[in-house]
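*Asks:* Would you mind keeping the following structure in view while I ask a few things?
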Amino acid sequence: MSKKKNATVPAVPVAADDNIAVFGAREHNLKNLDLQLPKNKLVVITGISGSGKSSLAFDTIYAEGQRRYMESFSAYARQFIGDMERPDVDKITGLSPVISIEQKTTNKNPRSTVGTITEIYDFLRLLYARIGVAYSYNTGKRMTRFSEEEILAHLFKHYAKKKLVILAPMVRGRKGHYRELFEQVRKQGYLKVRVDGEIQDLKERMQVDRYKIHDIELVIDRIQVQEDARTRISQSVQKALQMGKGLLFVMDNDTEKVSQYSKQLMCEDTGLSYEEPSPNSFSFNSPYGACPRCKGLGTIYQINMDEVIPDYSVSINDGGLAPLGEARDTFTFKQVQQLSRKYKFSLTAPISDIPQKAMNVLLFGDENGKLEVDMDFGSNGNGEYATEYEGVVNMVRRYFNDTSSDYVRNWAEGFMQLSTCPECNGARLKKESLHFKVDEKNISELGEMDLDKLQDWFRNIEKRLDSKQNVIAKDILKEIRERLQFLLNVGLSYLTLNRPTRTLSGGESQRIRLATQIGSQLMGITYILDEPSIGLHQRDNMQLIEALQHLREMGNTVIVVEHDKDIMLHADHLVDVGPGAGIHGGQIIAQGTPQQVVKLNTPTAGYLNGKHGITIPEERRKGNGKFLELKGATGNNLKNVSVKLPLGTFICVTGVSGSGKSTLINETLYPILSKHAYDSKLVPLAYKSIKGLENIDKVIEIDQSPIGRTPRSNPATYCGFFTDIRQLFSQVPEAKIRGYNAGRFSFNVKSGRCDVCEGGGMRVIEMNFLPDVYVHCEKCNGRRYNRETLEIRYKGKSISDVLDMTVDEAVEFFQPVNYIYRKVKTLQDVGLGYITLGQSAVTLSGGEAQRVKLATELSKKDTGKTIYILDEPTTGLHFQDIQLLLNVLNKLVDRGNTILVIEHNLDVIKMADHIIDLGPEGGGGGGTILCTGTPEEVSTCKDSHTAKFLKKELYN
Numbered sequence: 001m002s003k004k005k006n007a008t009v010p011a012v013p014v015a016a017d018d019n020i021a022v023f024g025a026r027e028h029n030l031k032n033l034d035l036q037l038p039k040n041k042l043v044v045i046t047g048i049s050g051s052g053k054s055s056l057a058f059d060t061i062y063a064e065g066q067r068r069y070m071e072s073f074s075a076y077a078r079q080f081i082g083d084m085e086r087p088d089v090d091k092i093t094g095l096s097p098v099i100s101i102e103q104k105t106t107n108k109n110p111r112s113t114v115g116t117i118t119e120i121y122d123f124l125r126l127l128y129a130r131i132g133v134a135y136s137y138n139t140g141k142r143m144t145r146f147s148e149e150e151i152l153a154h155l156f157k158h159y160a161k162k163k164l165v166i167l168a169p170m171v172r173g174r175k176g177h178y179r180e181l182f183e184q185v186r187k188q189g190y191l192k193v194r195v196d197g198e199i200q201d202l203k204e205r206m207q208v209d210r211y212k213i214h215d216i217e218l219v220i221d222r223i224q225v226q227e228d229a230r231t232r233i234s235q236s237v238q239k240a241l242q243m244g245k246g247l248l249f250v251m252d253n254d255t256e257k258v259s260q261y262s263k264q265l266m267c268e269d270t271g272l273s274y275e276e277p278s279p280n281s282f283s284f285n286s287p288y289g290a291c292p293r294c295k296g297l298g299t300i301y302q303i304n305m306d307e308v309i310p311d312y313s314v315s316i317n318d319g320g321l322a323p324l325g326e327a328r329d330t331f332t333f334k335q336v337q338q339l340s341r342k343y344k345f346s347l348t349a350p351i352s353d354i355p356q357k358a359m360n361v362l363l364f365g366d367e368n369g370k371l372e373v374d375m376d377f378g379s380n381g382n383g384e385y386a387t388e389y390e391g392v393v394n395m396v397r398r399y400f401n402d403t404s405s406d407y408v409r410n411w412a413e414g415f416m417q418l419s420t421c422p423e424c425n426g427a428r429l430k431k432e433s434l435h436f437k438v439d440e441k442n443i444s445e446l447g448e449m450d451l452d453k454l455q456d457w458f459r460n461i462e463k464r465l466d467s468k469q470n471v472i473a474k475d476i477l478k479e480i481r482e483r484l485q486f487l488l489n490v491g492l493s494y495l496t497l498n499r500p501t502r503t504l505s506g507g508e509s510q511r512i513r514l515a516t517q518i519g520s521q522l523m524g525i526t527y528i529l530d531e532p533s534i535g536l537h538q539r540d541n542m543q544l545i546e547a548l549q550h551l552r553e554m555g556n557t558v559i560v561v562e563h564d565k566d567i568m569l570h571a572d573h574l575v576d577v578g579p580g581a582g583i584h585g586g587q588i589i590a591q592g593t594p595q596q597v598v599k600l601n602t603p604t605a606g607y608l609n610g611k612h613g614i615t616i617p618e619e620r621r622k623g624n625g626k627f628l629e630l631k632g633a634t635g636n637n638l639k640n641v642s643v644k645l646p647l648g649t650f651i652c653v654t655g656v657s658g659s660g661k662s663t664l665i666n667e668t669l670y671p672i673l674s675k676h677a678y679d680s681k682l683v684p685l686a687y688k689s690i691k692g693l694e695n696i697d698k699v700i701e702i703d704q705s706p707i708g709r710t711p712r713s714n715p716a717t718y719c720g721f722f723t724d725i726r727q728l729f730s731q732v733p734e735a736k737i738r739g740y741n742a743g744r745f746s747f748n749v750k751s752g753r754c755d756v757c758e759g760g761g762m763r764v765i766e767m768n769f770l771p772d773v774y775v776h777c778e779k780c781n782g783r784r785y786n787r788e789t790l791e792i793r794y795k796g797k798s799i800s801d802v803l804d805m806t807v808d809e810a811v812e813f814f815q816p817v818n819y820i821y822r823k824v825k826t827l828q829d830v831g832l833g834y835i836t837l838g839q840s841a842v843t844l845s846g847g848e849a850q851r852v853k854l855a856t857e858l859s860k861k862d863t864g865k866t867i868y869i870l871d872e873p874t875t876g877l878h879f880q881d882i883q884l885l886l887n888v889l890n891k892l893v894d895r896g897n898t899i900l901v902i903e904h905n906l907d908v909i910k911m912a913d914h915i916i917d918l919g920p921e922g923g924g925g926g927g928t929i930l931c932t933g934t935p936e937e938v939s940t941c942k943d944s945h946t947a948k949f950l951k952k953e954l955y956n
């Protein structure tokens, strides 16, 4: 930092050993930063989007900590793992081991759930394996098992003085003559067997009817139950259990009534037995516990007949059976032609006219043997070929299950739909595992409970368990309760343990990892978090702040990249990066305690102390008089919700986390609109009806996913004006003389790009035992193109010079070329004037990527009947950036379009024309609409948590 800059930054009094010192940080846009952060404190790094916060926290401090950890491995181990690239920094001192908790680490694996990533489900599995009570899935009765001592005590209690026959079951319900078995036990000295309920003497060459089903028990002993025979009875019981593999029968000699005793879990009525439960028996990721039908996923792919036969009025020849397509000379079609002759139906008639029997054969195969198909064997002439016809449905299923080609599997998947597994009803476990219960609930039922309800269920569980269960479960219950409480402390009471992690928002998954880290009780760690407040309602903010402070009090350094006002004001140390974004940022413009920073003259301080703010509009738009009305939405936790959206307005959907906002908008309304506008395959959640679709002709969902995953992708290619720029260069006289077309100026086409780096501008040098090094290509020096292409200049600039321009420079440069100027200007309008046209998409933040998408939409000519859906667009945005975002959204509304935003940020909510507030709580306590109307109207709602905070924002 310069001396002038240091003069405005309050000094932080920390001893040399008590801080993390960063010297000469130059990663991305950082300007040779020197910085000291206090250890064992809550440090918040803030600044406008693109100023360099993540470059400092993640790409410098975390990357260096991670690299040092990797360096601790041997060179032999590192060759398998790969090495970390050293961040562009002179040195970092005082850095303890680092753990990063980012937004982008959500696991997309369908087997990953909230329960598995928090380890609570692992403890539940252990609990059920040790104290679960088994019930028979046949009769529903409690299953029994006995130890040898318990069997002995039971006999003396219930059969005292009676004559008993102790039997060891050898064969149960099987066919065979069993000559070898009889001979084997006879040689061991046994004299009698009980065959099909009748006791017989063992004889030489004894056998039974091999074609009948038999029950055979070996008579171990016949004895009267009395005290002086206890030792003999004990030995007989032991031998019977050994011979019967854990099972013995006792027959009363007088009444011939038989009782069963088993060392395994067994149903007394039906003889059904379960294996000894282990934690794996309750894991849907283990073959010992997973449902055999769906393999533990809870869902299976089944044929969707609406996709196989989309229109019954079309003939087979015209493509009525979608998997077959239109008639052509293929083997399958020849089979179908042969079937039409055999079952006497026409391939040119509508499918609805084909008899049901023939239709069943077409779809499910010919059960009456082979078909004779006429084949052309080329030079060998024609002939008939006998074949079996498998049916269209079976063909699609075979392609889906057996192919190794992703293309073929995706094709087959188009005719299938995901549906709940009929065997386990979505519970993922085999039926034996689901019949182990604790306090009348199986493990899947616990997994479906909201976390706050689950914590209540566990609160007094000891009173509902017997003394033996309590002794075994004591430590397990303590661990489960602690981990559940950590999740509740970070505002996740509405989640369930069975919730798949791929359905979680970035903020939710980050708070789960935060709760897991608190549960691990580590000390001396540097935690780095990326906006943990995303998706969190103001009501729950204090819980999150307390969780972060708890981590700090355990002896850890907590560094948080954050824009939330509450978290900034609760920090021990606040760092403001700026002053601008991109090349205009990368400097520390303020640091110190929040109280010190608030007094300074910086953009962040202005918003914190109230000098700056987003002004409330003087009047709210009424809309164009048309409405979109959704009725009877019941997906997930929605309770028969009906909502009326005024079109041509800025609508905000609010409510506490888990109240049903995403279910209503992203999973119900968006699929309906997408199907209407584009005939998409998205399936909405349950609803009754929708009115007003004729007023919508486009629906666009704008999220914060990257605009591209390769370094070749950039804002110019995504927004589409790079094609126009290439076209412009191809019209230059010199380009026409040389015969260059627009393709010559693409870095994805061989003719014009550099042949060494293949248009990437960088070369990867692979190093053994060292990280791969990225260097500027020595041939083109990072300019992507070959010398001949770069010789073509427009207004003195080559195509590479244009890609290196910032958006601000490009706006000025292309001003005379209206069709390019208009598109580039929209990037400037959304506040991205600092990025270059050719900047790699992978270096853009989530907020920047979202604004590139918005700019792309702004540059298009809309019809005024478009609905834009945004889910938390303020993620990663500073107060200043939110103002820019709102300006863009308002421009879209002013053109007659409708903006639908799911948001917690009060700066956005107070700017809305119409608010829909869901609640009152999350999970099962939510799913109803509390109030709708303008922000002023909603702020008077007594039951709404949003209203309380909105009132302060509107009237303070």
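Residue numbers for the sequence shown, in this note's numbering: 1 to 956.
Beta carbons: idealized from backbone N, C-alpha and C, even for Gly.
Under three-state DSSP, which class holds Arg341?
*Replies:* helix
*Asks:* Terminal residues of the continuous alpha helix (DSSP H) containing Leu127?
*Replies:* Ile120 to Ile131
*Asks:* Where does Asn285 fall in DSSP's three states?
*Replies:* coil
*Asks:* Mind checking whether Lys860 and Asp697 have CB atoms under 8 Å apart?
*Replies:* no
*Asks:* Hey, Lys53 and Val577 are a contact pair by Cβ (cut 8 Å); roughly how many whole angstroms apart?
*Replies:* 5 Å
*Asks:* With a threshold of 16 other CB atoms inside 10 Å of the CB of Ala25, please say whether the residue is buried or exposed.
*Replies:* buried
*Asks:* Pro733 by DSSP, collapsed to three states: which one?
*Replies:* helix
*Asks:* Cα separation between Gln66 and Gln521?
*Replies:* 20 Å
*Asks:* Using the C-alpha atoms, what's the distance from Arg409 back to Val185?
*Replies:* In this structure, the alpha-carbon of Val185 lies about 56 Å from that of Arg409.
*Asks:* Give the C-beta separation of Glu701 and Pro684 to the nearest angstrom, bearing in mind that I take them to be a contact with Cβ-Cβ under 8 Å.
*Replies:* The C-beta separation of Glu701 from Pro684 comes to about 14 Å, leaving the pair out of contact by the 8 Å criterion.
*Asks:* Using CA atoms only, rank isn't needed, just tell me which of Gln207, Asn109, Val575 and Val938 is closest to Arg179.
*Replies:* Gln207
*Asks:* Just list the beta strand (DSSP E) runs in the region 228 to 261, keeping only unbroken ones of 3 residues or longer that don't cross its boundaries, in chain order.
*Replies:* 247 to 252
*Asks:* Looking only at its chain, what residues have a beta carbon closer than 7 Å to the beta carbon of His177, apart from the 5 residues adjacent to it on each side?
*Replies:* Gln207, Val208 and Arg210
*Asks:* Can you look up Thr789 in the DSSP assignment and give me helix, strand or coil?
*Replies:* DSSP places Thr789 in helix when its eight states are reduced to three.
*Asks:* Name the residue from Leu127, Ile835, Ala63 and Pro935 whose alpha carbon lies nearest to the alpha carbon of Gln469.
*Replies:* Leu127
*Asks:* Tell me which residues share the same chain as Glu936 and place their Cβ nearer than 7 Å to its Cβ, disregarding the 5 neighbours each side in the sequence.
*Replies:* If the five residues before and after Glu936 are omitted, its C-beta is found closer than 7 Å to the C-beta atoms of Leu954, all from its own chain and listed in chain order.
*Asks:* In the structure shown, what three-state DSSP assignment does Thr299 receive?
*Replies:* strand
*Asks:* From this set, Arg341, Ile835 and Cys291, which residue's C-alpha is nearest Asn280's C-alpha?
*Replies:* Checked all of Arg341, Ile835 and Cys291; the closest Cα to Asn280 is Cys291.
*Asks:* For the candidate residues Ile707, Gly752, Arg793 and Ser689, whose alpha-carbon lies nearest to that of Glu734?
*Replies:* Arg793
*Asks:* Straight-line CA distance for Tyr607 to Asn489?
*Replies:* 28 Å
*Asks:* Three Cβ pairs or more, each shorter than 8 Å: is that satisfied between the region 393 to 412 and the region 261 to 268?
*Replies:* no
*Asks:* With DSSP as the reference, label Met554 as helix, strand or coil.
*Replies:* coil
*Asks:* Starting from Tyr794, follow its DSSP beta bridges and name the residues at the other end.
*Replies:* Lys797
*Asks:* Where are the beta strand (DSSP E) runs, 3 residues long or more, that stay fully inside the region 821 to 890, in chain order?
*Replies:* Complete beta strand (DSSP E) runs here, min 3: 866 to 871.
*Asks:* Ser520 by DSSP, collapsed to three states: which one?
*Replies:* helix
*Asks:* Taking the C-alpha atoms as reference points, what is the distance between Ser346 and Gly320?
*Replies:* 12 Å
*Asks:* On the DSSP bridge assignment, give the partners of His676 in chain order.
*Replies:* Residue pairing for His676: DSSP places it in no beta bridge.
*Asks:* In whole angstroms, what separates the C-alpha of Gly708 from that of Ser840?
*Replies:* 9 Å
*Asks:* Give me the Cβ distance between Tyr121 and His435, rounded to the nearest whole Å; I'm assuming they're in contact under 8 Å.
*Replies:* Between His435 and Tyr121 the Cβ distance is about 18 Å, and since that is not below 8 Å, they are no contact.
*Asks:* What residue from Arg784, Arg738 and Val807 has the CA that sits closest to Glu758's CA?
*Replies:* Nearest in C-alpha terms to Glu758, of all of Arg784, Arg738 and Val807, is Arg784.
*Asks:* Could you tell me which of Arg895, Leu918 and Ile534 sits nearest to Asn637, measuring between CA atoms?
*Replies:* For the options Arg895, Leu918 and Ile534, the alpha carbon positioned closest to that of Asn637 is the one of Leu918.
*Asks:* Just to confirm, is the Cβ distance from Leu167 to Phe249 under 8 Å?
*Replies:* The Cβ atoms of Leu167 and Phe249 lie closer than 8 Å to each other.
*Asks:* Just reading off the beta strand (DSSP E) that Tyr527 is part of, what are its end residues?
*Replies:* Where Tyr527 is concerned, the enclosing beta strand (DSSP E) starts and stops at Thr526 to Asp530.
*Asks:* Along the chain, where does the alpha helix (DSSP H) that runs through Thr604 open and close?
*Replies:* It spans Pro603 to Leu608 - the alpha helix (DSSP H) in which Thr604 sits, taken as one unbroken run.
*Asks:* Please return the same chain residues whose Cβ sits closer than 8 Å to the Cβ of Ala677, not counting the five positions on each side in sequence.
*Replies:* Ile696, Asp697, Lys698 and Val699
*Asks:* According to DSSP, Gly47 sits in a beta bridge with which residue or residues?
*Replies:* Gly47 pairs with Val577.
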